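Trainee: One structure is given below, represented as structure tokens, and several questions about it will come after.
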Amino acid sequence: MSANDRVKHCRLHDLLRDLSISKSRLEQFFVFQGNLDSLPLAKARHHVVYTSSVQSLDDVSPNLRSLLFFKASDRNRGMNISLDAFFLPCLGLISKSFKLIRVLDLEDMKLKELPSSIGELIHLKYLGLRDNRLERLPFEVGKLTNLQTLDIAENCFCNHHNIFWKMKNLRHLYMNVRGGRKNLKIETLRNLQTLLDIGVEDWLATNPAKLINLRKLGLRGNFRINRVEIFNSLAKLLCLQSLFLYTDENLVFPSLSQLSSLRRVIKLQMRGEIRKPPSPDEFPPNLTQLILHKSRFKDDPMEMLKKLPYLFVLRLKASSYVGEKMKVSAGGFAQLEILELEYLELLEELDVEESALPKLKSFHISSCFRLTNISEGMKFVTTLQELEIKQMRKRFTDRLQGEDYYKVQHVPSIKIL
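Counting from 1, position 402 in the sequence shown corresponds to residue 402 in full-length UniProt numbering; the numbering is continuous, with no gaps.
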């Protein structure tokens with residue numbers, strides 16, 4: 001579940017999974033092509049292929065609506081050559097034979113190119129190309145005017161053609177960042193809700209006021225240049241709820257005081273050094289989720305963060321704090337329910353005062369290798385439902401299961417991974 005109670009992932013028991021696949025065959029709902037010795041059904045509308053058992057698509061129904069490819073496991077890495085040889089003619093067949101297809105997911109299939117015939121799939125609504133080896137997108141992708149989601153992130157693009165402006169129905173665009181084009185045309189995408197990630201230079205060259213439905217935005221680059229212009233452009237996004245800001249390597253965030261103008265932003269994720277810790281009134285005033293990476297705070301940020309009145313989720317990730325002691329004092333974090341500390345490599349001591357976390361339900365500690373024990377104050381966090389300890393030193397986990405267990409014995413779910 002996400003912080004706002006939306007389902008993001010689910011696990012299925014193997015028996016229930018087998019039952020679901022069997023039922024889908026009977027109902028001719030979808031075909032699972034994997035290691036189950038099953039033959040494709042000519043009438044199935046949805047087809048799932050695990051690449052450990054790549055077979056022909058010749059017998060698949062021309063009325064196919066969705067086609068998803070999955071890598072079965074890492075042990076099949078040696079199949080990359082055969083997969084390349086399979087997929088180019090396969091994509092040609094898909095474009096020729098499955099004209100009604102709505103969903104095509106080719107994530108992590110190590111594709112180096114797409115055939116121009118991809119533009120013939122005019123009914124496509126979802127095209128997933130994440131984590132391939134694509135160096136360019138053919139112009140013909142611009143013909144997919146019914147596309148609602150395009151995921152081309154994690155590829156090898158040095159450039160991609162200006163084709164997005166044609167996709168007037170596009171709602172979610174996940175892309176690579178190479179920046180510096182300054183002619184990326186996206187302001188025609190009035191239905192766009194998600195844009196992850198775009199370089200600062202490309203963003204400043206657009207007219208953000210026309211992206212009237214944008215709710216989630218990721219920006220990467222140098223925020224010290226045109227800082228005022230960047231934040232002024234963000235203030236024009238009247239529907240913006242989630243903002244992701246990533247600085248270039250070895251660069252520092254400038255003053256963040258203008259974040260306070262983003263009244264509708266409820267989720268903020270930042271990656272990069274913040275030399276001057278912001279005060280609580282410099283954050284978006286209605287912030288409920290805050291995720292920090294590599295902020296490199298030298299002073300304990302908890303005394304400042306506890307004053308954010310609506311903060312529901314706080315995740316302090318790799319090197320967000322580089323001090324040795326952290327104290328969570330009483331009188332703050334009135335709404336905090338989820339707290340995560342991950343790879344705070346210098347943290348040696350965590351002190352939680354009584355009444356400091358009055359609503360905390362989930363607490364995760366991961367890869368804080370110098371931390372030797374759980375805080376005494378955790379025994380007062382009676383609302384805690386889940387404690388997850390991951391990749392911690394043996395001395396920490398031994399104490400948690402032994403002499404320190406009394407501090408967390410009231411927690412219904414304790415996971416040590």
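Ideal Cβ placement from N, Cα and C applies to all residues, glycine included.
All values reported here derive from a predicted model rather than from experimental measurement.
1) Do you know offhand how far F70's Cα is from V103's?
2) Throw me the rounded Cβ distance for the I101 and L124 pair, which I believe falls under 8 angstroms.
3) Report all residues from its chain with a CB closer than 7 angstroms to the CB of L336; omit the five preceding and five following residues, and keep chain order.
4) For a quick check, are the C-beta atoms of E388 and F363 less than 9 angstroms apart?
5) May I ask you to report which of helix, strand or coil DSSP gives K267?
6) Run through DSSP, which three-state label would M326 get?
7) What would DSSP say about Q241, mapped onto helix, strand or coil?
8) Opposite V352 in the DSSP bridges: which residues?
9) Compute the beta-carbon to beta-carbon distance between L134 and N155, rounded to the nearest angstrom, for a pair I have assumed lies under 8 angstroms.
10) Let me know the secondary structure DSSP gives V381 once reduced to three states.
11) Going by beta carbon distance, what residues of the same chain come within less than 7 angstroms of K166, once the five residues before and after it are set aside?
12) Name, in chain order, the residues that DSSP records as bridge partners for V7.
13) So the candidates are K185, F380, F396 and K415; which of them puts its Cα closest to the Cα of L204?
14) Could you tell me which residues DSSP puts in a beta bridge with I414?
15) Determine, using beta carbons only, whether E340 and E324 come nearer to each other than 9 angstroms.
16) Would you kindly report the start and end of the unbroken alpha helix (DSSP H) that includes T397?
17) Would you call I416 buried or exposed, if buried means 16 or more other Cβ atoms sit within 10 Å of its Cβ?
18) Are the beta-carbon atoms belonging to residue 418 and V352 less than 9 angstroms from one another?
19) Determine the direct distance from the alpha carbon of L147 to that of L243, and round the result to whole angstroms.
20) For E340, write down the residues that DSSP places opposite it in a beta bridge.
21) Looking at C-alpha atoms only, which residue of L316, P284, I94 and R296 is the closest neighbour of L234?
22) Let me check understanding here. Comparing Cα to Cα, which of Q269, T188, R393 and G218 lies closest to I198?
23) Specify the secondary structure class of L308 as computed by DSSP and reduced to three states.
24) Need the endpoints of the alpha helix (DSSP H) that D202 sits in, please.
25) Using the Cβ count rule (16 or more neighbours within 10 Å means buried), how would you classify Y406?
26) Using 8 angstroms for Cβ pairs, my map puts S355 next to A330. What's the rounded Cβ distance?
27) Check each candidate in K379, Q401 and F380 and name the one with the smallest Cα separation from T372.
28) So what does DSSP say about V228, is it helix, strand or coil?
29) How would you write the range of the beta strand (DSSP E) that Q289 sits in, first residue to last?
30) Buried or exposed, going by whether 16 or more other CB atoms sit within 10 Å of the CB of D14?
31) For S295, count neighbouring C-beta atoms within 10 Å of its own C-beta (all shown protein chains included) and say buried if the count is 16 or more, exposed if not.
32) Taking the Cβ atom as the reference point for each residue, do T188 and L214 lie within a distance shorter than 9 angstroms?
33) Taking C-beta to C-beta, are Q258 and N232 nearer than 9 angstroms?
34) Using C-beta distances below 6 angstroms, list every residue in its chain close to I94, excluding the 5 sequence neighbours before and after it, in chain order.
35) Give me the Cβ distance between L19 and H47, rounded to the nearest whole Å; I'm assuming they're in contact under 8 angstroms.
Mentor: On the basis of the supplied data:
1) Within the sequence shown, residue 70 is the residue found at index 70, counting from 1. Within the sequence shown, residue 103 is the residue found at index 103, counting from 1. The alpha-carbon atoms of F70 and V103 are separated by roughly 14 angstroms.
2) Looking up residue 101 in the sequence shown gives position 101. Looking up residue 124 in the sequence shown gives position 124. Yes, they are in contact, since the Cβ atoms of I101 and L124 sit about 6 angstroms apart, within 8 angstroms.
3) Position 336 of the sequence shown, counted from the start, is the residue given in the question as residue 336. Here the set comprises L311, F312, L314, L357, K359 and L360.
4) For the purposes of this step, residue 388 is taken as the residue at position 388 of the sequence shown. For the purposes of this step, residue 363 is taken as the residue at position 363 of the sequence shown. Yes; because the gap between Cβ atoms is below 9 angstroms, this pair is in contact.
5) Position 267 of the sequence shown holds residue 267. Three-state DSSP puts K267 in a strand.
6) For the purposes of this step, residue 326 is identified with residue 326 of the sequence shown, where counting begins at 1. M326 falls in the strand class under three-state DSSP.
7) As a first step, residue 241 is located in the sequence shown; it is residue number 241 there, counting from the start. Three-state DSSP puts Q241 in coil, outside helix and strand.
8) Locating residue 352 in the sequence shown gives position 352, counting from the first residue. Answer is V328, bridged to V352.
9) For the purposes of this step, residue 134 is taken as residue 134 along the sequence shown, with counting starting at 1. For the purposes of this step, residue 155 is taken as residue 155 along the sequence shown, with counting starting at 1. About 4 angstroms separates the two Cβ atoms, so the contact holds.
10) For the purposes of this step, residue 381 is taken as the residue at position 381 of the sequence shown. V381 falls in the coil class under three-state DSSP.
11) The residue you call residue 166 lines up with position 166 of the sequence shown. The answer, listed in chain order, is G142 and T145.
12) Position 7 of the sequence shown, counted from the start, is the residue given in the question as residue 7. Answer by DSSP bridge pairing: none, since V7 is not bridged.
13) The residue labelled residue 204 in the question sits at position 204 within the sequence shown. Checking every option, the nearest Cα to that of L204 belongs to K185.
14) In the sequence shown, residue 414 corresponds to position 414, counting from 1. Looking at the DSSP assignment, I414 forms a beta bridge with L387.
15) Residue mapping note: residue 340 aligns to position 340 of the sequence shown, counting from 1. Residue mapping note: residue 324 aligns to position 324 of the sequence shown, counting from 1. No; because the gap between Cβ atoms is not below 9 angstroms, this pair is not in contact.
16) Residue numbering aside, residue 397 sits at position 397 when the sequence shown is read from its first letter. From DSSP, the alpha helix (DSSP H) with T397 extends over K394 to Q401.
17) Here the question's residue 416 lines up with position 416 in the sequence shown. So I416 ends up on the exposed side.
18) Residue numbering for the chain in the displayed model covers 1 to 417; residue 418 lies beyond these limits and cannot be assessed.
19) On the sequence shown, residue 243 is found 243 positions in, with the first residue counted as 1. On the sequence shown, residue 147 is found 147 positions in, with the first residue counted as 1. Roughly 24 angstroms separates the two Cα atoms.
20) Locating residue 340 in the sequence shown gives position 340, counting from the first residue. DSSP, once it has assigned bridges, lists R315 and H364 as partnering E340.
21) Stepping through the sequence shown from its first residue, residue 234 is reached at position 234. Considering only alpha carbons, the answer is P284.
22) As a first step, residue 198 must be located in the sequence shown, where it is residue number 198. Answer by Cα proximity: G218.
23) On the sequence shown, residue 308 is found 308 positions in, with the first residue counted as 1. Coil.
24) Position 202 of the sequence shown, counted from the first residue, corresponds to residue 202. That run of the alpha helix (DSSP H) goes V200 to L204.
25) For the purposes of this step, residue 406 is identified with residue 406 of the sequence shown, where counting begins at 1. Y406 should be labelled exposed.
26) Your numbering for residue 355 matches position 355 in the sequence shown. Your numbering for residue 330 matches position 330 in the sequence shown. Confirmed, about 4 angstroms.
27) Walking along the sequence shown from the start, residue 372 turns up at place 372. The shortest C-alpha separation from T372 is found at Q401.
28) Indexing the sequence shown from 1 puts residue 228 at position 228. Reduced to three states, the DSSP call for V228 is helix.
29) Within the sequence shown, residue 289 is the residue found at index 289, counting from 1. That run of the beta strand (DSSP E) goes Q289 to H293.
30) As a position in the sequence shown, residue 14 is number 14, starting the count at 1. Per the 10 Å Cβ criterion, exposed.
31) If you number the sequence shown from 1, residue 295 lands on position 295. Per the 10 Å Cβ criterion, buried.
32) Taking the first residue of the sequence shown as 1, we reach residue 188 at position 188. Taking the first residue of the sequence shown as 1, we reach residue 214 at position 214. Cβ distance not < 9 angstroms, so T188 and L214 don't count as in contact.
33) The count along the sequence shown starts at 1 and reaches residue 258 at position 258. The count along the sequence shown starts at 1 and reaches residue 232 at position 232. Against a cut-off of 9 angstroms, the Cβ pair of N232 and Q258 comes out as a contact.
34) As a position in the sequence shown, residue 94 is number 94, starting the count at 1. If we look at I94 and ignore the five residues flanking it on each side, it has no Cβ neighbours.
35) Residue numbering aside, residue 19 sits at position 19 when the sequence shown is read from its first letter. Residue numbering aside, residue 47 sits at position 47 when the sequence shown is read from its first letter. Wrong, their Cβ atoms sit about 19 angstroms apart, outside the cutoff.
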